[in-house]
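Colleague: These protein sequences, in sequence, are chains P and X.
Take any residue in the first sequence, count from 1 to its spot, add 2: that is its number in this note's numbering.
Take any residue in the second sequence, count from 1 to its spot, add 337: that is its number in this note's numbering.
C-beta: ideal position from N, C-alpha, C; glycine also.
These figures come from a predicted structure and were not determined experimentally.
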Amino acid sequence: MINRFLRITLTLAGLVLLYPSAGSADTPLPVIHEPEGEGIKCVEPEEVMRRDHMNFILHQRDETMYKGIRTSKYSLAECIDCHVQPDDKGNIASIDSKEHFCNSCHEYAAVSIDCFECHADRPQKFIKRGGKSVSLQVELQQMLSANEDVGGELK
Amino acid sequence: MSDSVNHSRRSFLEKSAAVGAITIAPGIFLHQVASAKPDDQAINDSVRWGMLINTNKCEQGCTDCIDACNTEHGLVGNGRPETDTQYIRKVTLRDKQTGHELSLPLMCQHCETAPCVDVCPTGASFQRKDGIALVDKHICIGCRYCMMACPYKARSFVHEQVRNQTLSAPRGKGTVESCTMCVHRVDKDQVPACVEACSNGEHDAFIFGDLNDPNSEISKELEKNGGKQIRADLKLNTAVRYQGI
Chain P
3 MINRFLRITL TLAGLVLLYP SAGSADTPLP VIHEPEGEGI KCVEPEEVMR
53 RDHMNFILHQ RDETMYKGIR TSKYSLAECI DCHVQPDDKG NIASIDSKEH
103 FCNSCHEYAA VSIDCFECHA DRPQKFIKRG GKSVSLQVEL QQMLSANEDV
153 GGELK
Chain X
338 MSDSVNHSRR SFLEKSAAVG AITIAPGIFL HQVASAKPDD QAINDSVRWG
388 MLINTNKCEQ GCTDCIDACN TEHGLVGNGR PETDTQYIRK VTLRDKQTGH
438 ELSLPLMCQH CETAPCVDVC PTGASFQRKD GIALVDKHIC IGCRYCMMAC
488 PYKARSFVHE QVRNQTLSAP RGKGTVESCT MCVHRVDKDQ VPACVEACSN
538 GEHDAFIFGD LNDPNSEISK ELEKNGGKQI RADLKLNTAV RYQGI
């Protein structure tokens, strides 16, 4: 009986001792950017999005790809538009960084995602594009002539 | 929630819609509005999108369509023409007898019986109900069978990592891609970027439209003056047709 009492006491003591390390800095919690502005709400409640966001996006992807349904409610682009915003210095975290909305959670949960192999990781308005893009042939000619100037060779 | 319907409100709406149609119809041409597909509506096989290209109007050396396509899809070359992605190529043909040269844009021909779809081992190469041939990059494994099967050399493989893609053209390393007939624009009742650029440049070599609709501009022109398929012997029933070849 005493033995059992001791065991329980020791276990409880151990738990109390362990408690502070649960919130310590070696496993930082994900950083989630909450969109600013009054009345802005996600398309579903937070607990639903946490569990089911991948299903929503997957479903939407096939609807768009095969059926041409282009509603924006569950589109990945809409997620990105709200949740990926520049920080105070105006920098936008890339998908490789832990600061990125998607990656901060996914790295924490050790779940790798492929979305951003093909999709842009930031809202379109933050992507600077060169003016009129030149055709590949013109571009090649420009590169060739540029290389001639410096006596280089195109590889 | 009550199931009852407010009939007076409904009939009011019906009447106002009818009045609206009458008052709008005479002066303003509302074709775009009338045929616009709502975003939540699925496509169907009643339409088959196609293009007719008049090579006599296509200027040699002009790359308006290619430039517009590159901008639209965020295609940036890496200075390696052998492997860089191109959705449209300008092909120059020369008649050895007469020396006559003509230039034409060649892109995915959106065949009805598409060889790329036949050979794809994963089902990534597919055709939408409206006839547009696409690659579902989510399931493309990058085997490039479709590139070998395509008689028009229309497809490209993405060899290098891509970042900052455009919203309408997600593209990434290890997948095959080709002209999508600007499916994102077509779904919103706009014409493909190349067609728009050609008409903005006042060449008007392209006609884009519904091949299934006998009253569309493209069908009327095809009926009147005809249009050839490239490699018609393969019996692929292409959606892109050419005049002047």
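(1) Using 8 Å as the threshold, is the C-beta distance between X:R385 and X:A576 below it?
(2) Taking the alpha carbon of P:F128 as the reference point, which residue from X:A379, X:Q502 and X:A470 has its own alpha carbon closest?
(3) Given a cut-off of 8 Å, decide if X:T512 and X:C477 are closer than it, judged by their beta-carbon atoms.
(4) Can you tell me which of the three DSSP states X:D467 falls into?
(5) Do the stretch 31 to 46 of chain P and the stretch 82 to 98 of chain P make contact, defined as three or more Cβ pairs closer than 8 Å?
(6) Could one say the Cβ of P:H108 lies closer than 8 Å to chain X's Cβ atoms, at least one of them?
(7) Spatial neighbours of X:S383 within its chain, please: C-beta separation below 7 Å, excluding the five flanking residues on both sides.
(8) With 8 Å as the threshold, decide whether the Cβ of P:T29 is near any Cβ in chain X.
(9) Which of the three DSSP states is assigned to X:R578 in this structure?
(10) At least one CB of chain P closer than 8 Å to the CB of X:A379: is that the case?
(11) Using a C-beta to C-beta distance shorter than 7 Å, which residues of chain X count as neighbours of P:I129?
(12) Based on DSSP bridge pairs, tell me the residues matched to X:I637.
(13) Please confirm if X:L504 has its CB atom under 8 Å from at least one CB of chain P.
(14) X:Q580: buried (16+ other C-beta within 10 angstroms of its C-beta) or exposed?
(15) Checking contacts by CB at 8 Å: is X:D432 closer than that to chain P?
(16) Is X:D473 close to chain P, meaning its C-beta is less than 8 Å from at least one C-beta of that chain?
(17) Taking all protein chains shown into account, decide if X:K565 is buried (16 or more other Cβ within 10 angstroms of its Cβ) or exposed.
Modeller: Looking at the coordinates:
(1) The residue you call residue 385 of chain X lines up with position 48 of the second sequence. The residue you call residue 576 of chain X lines up with position 239 of the second sequence. For X:R385 and X:A576, yes; Cβs fall inside 8 Å.
(2) Reading the first sequence from its first residue, position 126 is the one you call residue 128 of chain P. The alpha carbon of P:F128 has as its nearest neighbour, out of X:A379, X:Q502 and X:A470, the alpha carbon of X:Q502.
(3) As a first step, residue 477 of chain X is located in the second sequence; it is residue number 140 there, counting from the start. As a first step, residue 512 of chain X is located in the second sequence; it is residue number 175 there, counting from the start. Yes; because the gap between Cβ atoms is below 8 Å, this pair is in contact.
(4) Here the question's residue 467 of chain X lines up with position 130 in the second sequence. Secondary structure at X:D467: coil, using DSSP grouped into helix, strand and coil.
(5) Taking 8 Å as the limit for Cβ pairs, the verdict is that the stretch 82 to 98 of chain P does touch the stretch 31 to 46 of chain P.
(6) Here the question's residue 108 of chain P lines up with position 106 in the first sequence. No - not a single Cβ of chain X is within 8 Å of the one on P:H108.
(7) As a working mapping, residue 383 of chain X is identified with position 46 in the second sequence. Within the same chain, X:S383 has close Cβ partners N549.
(8) Taking the first residue of the first sequence as position 1, residue 29 of chain P is located at position 27. Chain X, which has no Cβ nearer than 8 Å to the Cβ of P:T29, makes this no.
(9) In the second sequence, the residue the question calls residue 578 of chain X occupies position 241. It is a strand residue.
(10) As a position in the second sequence, residue 379 of chain X is number 42, starting the count at 1. Yes - at least one Cβ of chain P is within 8 Å of the one on X:A379.
(11) Position 127 of the first sequence holds residue 129 of chain P. Within chain X, the residues placing a beta-carbon under 7 Å from that of P:I129 are N501, ordered along the chain.
(12) With chain X represented from 338 up to 582, any question about residue 637 of chain X goes unanswered, as that position is not in the structure.
(13) Here residue 504 of chain X refers to the residue found at position 167 of the second sequence. X:L504 counts as touching chain P.
(14) To locate residue 580 of chain X, count along the second sequence from 1; it is residue 243. Classified as buried, X:Q580 has 16 or more neighbouring CB atoms from the shown chains inside 10 Å of its CB.
(15) On the second sequence, position 95 is the one that residue 432 of chain X refers to. Closer than 8 Å: no.
(16) Position 136 of the second sequence, counting from 1, holds the residue named residue 473 of chain X. With a threshold of 8 Å between beta carbons, X:D473 makes contact with chain P.
(17) Locating residue 565 of chain X in the second sequence gives position 228, counting from the first residue. Burial call: exposed.
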